[in-house]
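To keep things clear, I will list the structure first and then write my remarks on it.
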Amino acid sequence: MTLTVCVGSSGSGKTTFLNDVHKQHKFIYIRQYHSMRPYIKVSAIPNFDETQLPFWSTYVKEGTDKRIPVGGTMAGKFTAGLSGGQRKLLLFELIYQRTLEQEGVLIVLDEPFCGVTDDFVPFIVSRLKVMKNNHNLLLVTNDHVKVLTDMADNVITVSAVDRSHVTVNKMDFVDRTMAINAMSGGKHFLHKTNEEDLKFFFDVEVKGSEDVMGVVWFTLFCAGLFLLTFWDSEPGNGTEALILVAQQIIAYFCINPYLLSLVDWRNYMKEESEALVHNSSQLNLQLKTTICFVLMIGITLIGYGLVNAVVPGFEDVKFLYTMFLDTSSMILPMICLALFSNMALQEVEIFGSLPFLLMLFLSTSFSPGAGVEGVKELRYLFVRYYFWCIVPDVQDDMEGCPDQSVDIWVYMFLSGIMFLVLFVFVKTIIDLKKKSDRKKKLEIATDMNDTEEYRVLKRELFGDIVDTVHDP
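Going by my numbering, the sequence shown opens with residue 24, and the numbers climb by one from there.
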């Protein structure tokens, strides 16, 4: 196994080199400014002995070792906890412990000494020496360069002048793409999901989640205001419709702040996965989606109870069914885009809110029968339109309502999942495109392996070993 250090002046592309290697082969990666959910308690991380951290005795003496969180900022909220350098050491020790029982994994560290004071350098160096025995290491550093280069088996030098070539040890003018391909070898880390990971998720994202409790308390607050302001409403004259509109808008805004925090959560989750904080980012995404659905169901049930508490006539379960689908049609797009896309927060806010905005314009909620021909037919795409078709004193004003015996319930369901189906279709196309691109890259890498220049480079980096190409 080898330790390779990537050096170069500021802005020469050292981190870009690491990122390009990462695109080629998904390895264990601690980024220069790595993110973790700041509210995670260090002692709660599963299968991790935090007492091995060189600074941990301080928290033990203070009596805060069981409750100190990782710390940092997420979704605009700062959580006091570990310092930046301590978080870096935490991640470093985490991958050290996780990889002790495996061999041949590629581990990449971007600026491992960044934010770490000199007194902890010997700790990092000692860990690197042990890791080097079983794994290939690739590092970038601007700090303590001599310490690492003295330890290194290889030094890759990148240049801001010539970005298409690098220097590998004494080999000048090496093709950058060839160097990336040569460094992209190694076994994949074997993840083992167990009950401790599930318990970790539950403790962090449900039991100890301030965000979930925020939704609960805000929903209860809005429910109290709803009862106080709509109590003893008289049915007729469109009162029912106004109460339903108010309730569905309240339901949307009760869960919306939680949904907007999902973008940061998704990004942190991916970086945590790269650093082996948990065993499966996909499992965590699915579990987080489940929480969103549970909150959505709970808010719908509360809303159903509130409407029936202030005005009679909505006891039938068909109204609960309709309220849930109406809420789902506006919230599902936000969940999908926030958790299962790479969109930034502002993009998620815009595109995730479109169903709600379009519903206001196109469902004829506020103007039954009105609209330009050809445009007003778009009302059939929204659950809210079918909702009005079953509401007393409103249904007679609606134009073109389907038969309530069977058709309307089917149309409600289809319009409720329409945006979800559209998202899955688009994402499938994008994933197929990415798969095709990866296949082309693999073919290029395979062809490169057949050249004598590549074999010479591999021997320079790793000695006489069997050349392998990994699916990027």
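Backbone N, C-alpha and C fix where the C-beta goes; we use that ideal spot for every residue, glycine too.
In summary, Phe224 is buried, with 16 or more beta-carbon neighbours lying within 10 Å of its beta-carbon over all protein chains present.
Arg407 places its beta carbon less than 7 Å from that of Asp349. Of the candidates Glu400, His214, Gly237, Ala202, Ala202 places its Cα closest to the Cα of Val44. Where Gly138 is concerned, there is no enclosing alpha helix (DSSP H), because DSSP gives it neither an H nor an E.
Taking all protein chains in view, the Cβ of Leu324 is surrounded by fewer than 16 other Cβ atoms within 10 Å, so the residue is classified as exposed.
Beta-bridge annotation (DSSP): Val189 is paired with Val197. Within 10 angstroms of the beta-carbon of Thr140 lie fewer than 16 other beta-carbons, which makes it exposed. For Phe249, the uninterrupted alpha helix (DSSP H) run begins and ends at 233-253, by DSSP. Each of Lys100, Gly99, Val153, Ser106 was checked against the Cα of Gln125, and the nearest Cα belongs to Val153. Under a 10 Å Cβ-count criterion, Ser33 is classified as exposed, with fewer than 16 other Cβ atoms of the shown protein chains found around its own Cβ.
The alpha helix (DSSP H) runs of length 4 or more contained entirely in the segment 36-72 are, from start to end of the chain, 37-47. If you look at Thr323, you'll find it isn't in any beta strand (DSSP E); it sits in the alpha helix (DSSP H) that goes 304-333. Considering only Thr180, Asp287, Cys315, the residue with the shortest C-alpha distance to Thr27 is Thr180. DSSP places Val340 inside the alpha helix (DSSP H), whose first and last residues are 340-363. Taking 7 Å as the cut-off, the Cβ atoms of Leu465 and Ala205 do not count as close.
Looking at the DSSP output, Lys210 bridges to Val128. In this structure, the straight-line span from the alpha carbon of Phe347 to that of Ile354 is close to 10 Å. Under the three-state reduction of DSSP output, Gly108 falls in the helix class.
Approximately 41 Å separates the beta-carbon atoms of Ser284 and Ser182; this is outside 8 Å, ruling out the contact. Rounded to the nearest angstrom, the Cβ distance from Ile53 to Ile147 is 11 Å, too far for a contact under 8 Å. The C-alpha of Ile453 is placed about 29 Å away from the C-alpha of Arg402.
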